[in-house]
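Novice:
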Amino acid sequence: MQTPFHTVGLVGKYDNQGMETSVRVLGEFLRGRGHTVLIASQTAEHLGIKNFPARTLHDLAIESDAVVVMGGDGTMLSIAREVAPYGVPLIGINQGRLGFLTDIMVDDMFGAIAEILSGQHVAEERILLNGQIRRGGECVFEATAFNDVVVGKGGSGRLIDLEIAINSEFVYSQRADGLVITTPTGTTAYALSAGGPIVHPTLEAVTLVPICPHTLSARPIVVSSHSRIELHLTFADDARAHFDGQHHFDLRSGDHVWITRANSPVTLLHPHSYSYYDTLRQKLHWGKKL
């Protein structure tokens with residue numbers, strides 16, 4: 047079999063109903079096509095799968111030519127952040143809800159996977175963000191985000207005051223529930239609910255979207271992904287920074303949040319027939335007759 051994808055890694059979300067069966071049958075399908083199949087150690091352990099070699103996620107990313115992620119968009123976000131430094135492309139099979147990132151449905155996975163691994167695919171390179179929390183001139187927390195970094199109010203419900211600078215140039219101050227700093231991929235997530243624009247995922251851009259600002263003049267802005275975005279919390283009685291909604295850090299007044307483009311992008315592989323606009327029409331019900 048002539049294919050650049052000799053070794054394929056499998057990662058599955060542990061608590062999805064039917065995941066064990068899906069991982070097993072896909073693994074056997076791939077093995078039948080002549081691929082070497084590896085499975086993430088935690089997936090194998092939680093699902094009780096022992097008929098494929100297991101690897102840590104680190105080793106899986108190093109040894110695989112492509113990694114299939116089975117689950118929802120949240121699973122893809124988590125895996126993408128971990129494997130991005132290794133440059134291995136990802137294929138998403140949707141066993142979640144929306145499926146913007148995991149765009150292949152389970153019922154279609156055999157044909158779609160065969161098409162992709164045979165070289166008939168669309169490859170998309172997508173940027174990630176790196177966020178640092180700086181306190182007293184020192185970095186006290188650092189994390190990566192595929193979708194977004196959100197600086198927002200906590201449980202007290204009090205507005206927070208922010209000063210925003212881009213490349214050390216002051217842009218504006220803001221009193222709001224918070225601010226979403228999003229990659230193009232993340233513009234169909236929280237930022238969309240906050241009134242931000244949809245940005246094509248292959249653009250090298252970052253969008254800043256205010257969350258319930260105290261002034262009607264506050265609007266989303268789009269900047270180059272090579273910008274350094276600097277947030278200064280001038281008042282934060284109870285605030286928190288969230289990274290893809292999966293990691294967080296409690297903030298104080300005086301903290302600085304620095305956000306830059308991460309060094310390593312993520313490559314997503316889609317079937318040859320993939321269309322981002324078709325995905326938008328399906329997921330957002332554009333043009334649907336009422």
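Each residue of the sequence shown is one higher than the one before, counting from 47 in the numbering used here.
Ideal Cβ placement from N, Cα and C applies to all residues, glycine included.
Just mark Arg181 as buried or exposed, buried being the case when its beta carbon has 16 or more other beta carbons within 10 Å.
Specialist: So Arg181 counts as exposed.
Novice: Comparing C-alpha positions only, which one of Arg79, Gln63 and Leu56 sits nearest to Val69?
Specialist: Measuring from the Cα of Val69, the nearest candidate turns out to be Leu56.
Novice: Out of Tyr132, Gly177 and Asp290, which has the shortest C-alpha to C-alpha gap to Asp119?
Specialist: It is Asp290 whose Cα lies nearest to the Cα of Asp119.
Novice: Could you give the distance in angstroms between the alpha-carbon of Phe51 and the alpha-carbon of Phe98?
Specialist: Approximately 17 angstroms between the Cα atoms of the pair.
Novice: Just confirm the distance between the C-beta atoms of Arg172 and Thr229, as a whole number of angstroms; I'd bet it's less than 8 angstroms.
Specialist: The Cβ separation is near 7 angstroms, so the contact holds.
Novice: Taking 8 angstroms as the threshold, find out whether the segment 278-292 comes into contact with the segment 150-157 through three or more Cβ pairs.
Specialist: No: the two stretches stay apart, fewer than three of their Cβ pairs being nearer than 8 angstroms.
Novice: Among the candidates Leu315, Ile179 and Ala191, whose CA atom is the shortest distance from the CA of Val252?
Specialist: Closest by alpha carbon: Ala191.
Novice: Shortest alpha-carbon distance to Gly73 belongs to which of Gly58, Asn62 and Leu330?
Specialist: Taking only the C-alpha atoms, the option nearest Gly73 is Gly58.
Novice: Would you call the CB atoms of Ala237 and Leu174 closer than 7 angstroms?
Specialist: Not a contact, by the Cβ cut-off of 7 angstroms.
Novice: Would you kindly work out how many angstroms separate the C-alpha atoms of Ala169 and Ile108, rounded to a whole number?
Specialist: Approximately 19 angstroms, taken between the alpha carbons.
Novice: Is it buried or exposed for Thr67, if we count other Cβ within 10 angstroms and need 16 for buried?
Specialist: Answer is exposed; the Cβ neighbour count stays below 16.
Novice: Would you say Tyr236 lies against chain D (beta-carbon separation less than 7 angstroms)?
Specialist: No chain D is part of this structure, which consists of one protein chain only.
Novice: Where do the ends of the alpha helix (DSSP H) carrying Arg327 lie?
Specialist: Start and end: Tyr322 to Leu330.
Novice: Report the CB separation of Ala112 from Val152 in whole angstroms; it is logged as a contact under 8 angstroms.
Specialist: Incorrect: roughly 18 angstroms between the Cβ atoms, too far for contact.
Novice: Opposite Thr253 in the DSSP bridges: which residues?
Specialist: Answer is Thr228 and Val268, bridged to Thr253.
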